[in-house]
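Following this note's numbering, the numbering of the sequence shown begins with 695 at its first residue and continues without gaps.
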Amino acid sequence: MNPTVKQIADALGYAKSTVSMALRDNPTVNEKTRRKIQQAAKEMNYQPNALAQAIFTGKAKVIGFATQSVASEYLSMFMDGLSLQADAMGYMIKIIRTKWQFDAKALASQCQAQCLSGLICAESHEQSMRELATITSQLNLPVSHLGGPPELPGLISIRCEDQTGITQAIEHLHQLGHRNIGYIGGNPHSISTHVREAAFRQAMKKLGLKVLAKNMACGAYEIQPTIDATHKLLSNKNRPTALFCANDHMAMTAIRAARAMGINTPCDLSVIGCSNLNMAEFCDPPLTSIAQPQSEMGKLAVKRIVNVVQSLEQNRSVAVGNEPSLPTRLVIRESTGPVAG
695 MNPTVKQIAD
705 ALGYAKSTVS
715 MALRDNPTVN
725 EKTRRKIQQA
735 AKEMNYQPNA
745 LAQAIFTGKA
755 KVIGFATQSV
765 ASEYLSMFMD
775 GLSLQADAMG
785 YMIKIIRTKW
795 QFDAKALASQ
805 CQAQCLSGLI
815 CAESHEQSMR
825 ELATITSQLN
835 LPVSHLGGPP
845 ELPGLISIRC
855 EDQTGITQAI
865 EHLHQLGHRN
875 IGYIGGNPHS
885 ISTHVREAAF
895 RQAMKKLGLK
905 VLAKNMACGA
915 YEIQPTIDAT
925 HKLLSNKNRP
935 TALFCANDHM
945 AMTAIRAARA
955 MGINTPCDLS
965 VIGCSNLNMA
975 EFCDPPLTSI
985 AQPQSEMGKL
995 AVKRIVNVVQ
1005 SLEQNRSVAV
1015 GNEPSLPTRL
1025 VIRESTGPVA
1035 G
């Protein structure tokens, strides 16, 4: 039978409130006393009552994950890290289905109503995230954004170092003889779109390569816009000999769209993606892509949320802001080759 906090307090001769705070690792309790109480609770097979804790603190040990879908491999890789780290820290993850451009006030209210300890958001519309950060900062509800903007106050931004991977990608194409390189970007309201385009431009500039307006197109992270973007870029008289796409799905779509135009990869056109999904290895041809640490980003998001929650419970101040960017790397496969001719 699971002992109660009162039974532990009676057995050790401490006040119930002291035992309760010690079991929550509250630093106001002397460290030696805390360790003694925690060890005794362990020996008595004490298991915390999540419902009772939620009533006491007003927060359940549940972190929300706001996302449009968990069906995509890209998001499931984040989810893998989230769930592993949450489980290790005694928390659960609740999936909250949202739209790309969501109602920030409604989402914050839902989190409050469900007594969530914090919220992690998959990449969403930039303005929605800004509104959410403003609202939740007044509610003591920590929010983390996977791939979030570095400059947004009140938001825990978990990012990867896109610049490193994209620079490696453009250098790889340059070494293969490519000078006329096209770019297919994502949704214009996506933070990652701006970050990756800026990284592409910087990498091109570093190598002395021109970024031509006619070689830039928007695929919006969707199939038909990417097909249209590919047709636009490859219909030019002096078409690009290589394409960099802001995610793997667009890169795979571009390969198929180019093939339908009689342009084959990699002999006629080299293509690089970004995110290194598992399916990239089985694409025809296997896709050269930038590997991102999605699972590690998910783990870090949970760690930072829990850190903020614990600090708030113990009335300690905590800085909320940017985390160091996690590394990326180029994975070279068969979708890139020497420039034709």
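Don't be surprised by glycine CBs; every beta carbon is placed ideally from N, CA and C.
- Excluding residues up to 5 positions away in sequence, Asn-881 lie with their Cβ nearer than 6 Å to the Cβ of Ala-914 in the same chain.
- In this structure, the beta-carbon distance from Leu-971 to Glu-767 falls below 8 Å.
- DSSP lists Cys-815 and Ser-851 as the bridge partner or partners of His-839.
- Selection Val-889, Glu-820, Met-898 and Val-713 evaluated against Gln-869 yields Met-898 as nearest (Cα-Cα).
- When only Cα atoms are considered, Pro-847 and Ala-827 end up about 7 Å apart.
- With respect to the 8 Å criterion, Ile-917 and Phe-938 are not classified as neighbours on the basis of their beta carbons.
- For Tyr-768, the enclosing alpha helix (DSSP H) starts and ends at 767-782.
- By the neighbour-count criterion, in which a residue is buried when 16 or more other Cβ atoms sit within 10 angstroms of its Cβ, Phe-976 is exposed.
- Within the same chain, Cβ atoms closer than 7 Å to the Cβ of His-872 are found at Thr-935, Ala-936, Ser-964 and Val-1033, the five residues on either side in sequence being excluded.
- Linking Gln-896 to Thr-920 through their CA atoms gives a straight-line distance of about 23 Å.
- Relative to Ile-702, the option among Thr-722, Asp-719, Asn-724 and Glu-737 whose CA is nearest is Glu-737.
- Every unbroken stretch of the alpha helix (DSSP H) spanning 4 or more residues and falling wholly within the region 849-893 is given here in chain order: 856-869.
- The C-beta distance from Leu-833 to Ala-802 rounds to 6 Å, short enough to fall under 8 Å.
- Taking 4 residues as the minimum length, the alpha helix (DSSP H) runs contained wholly in the region 926-1002 are 942-954, in order along the chain.
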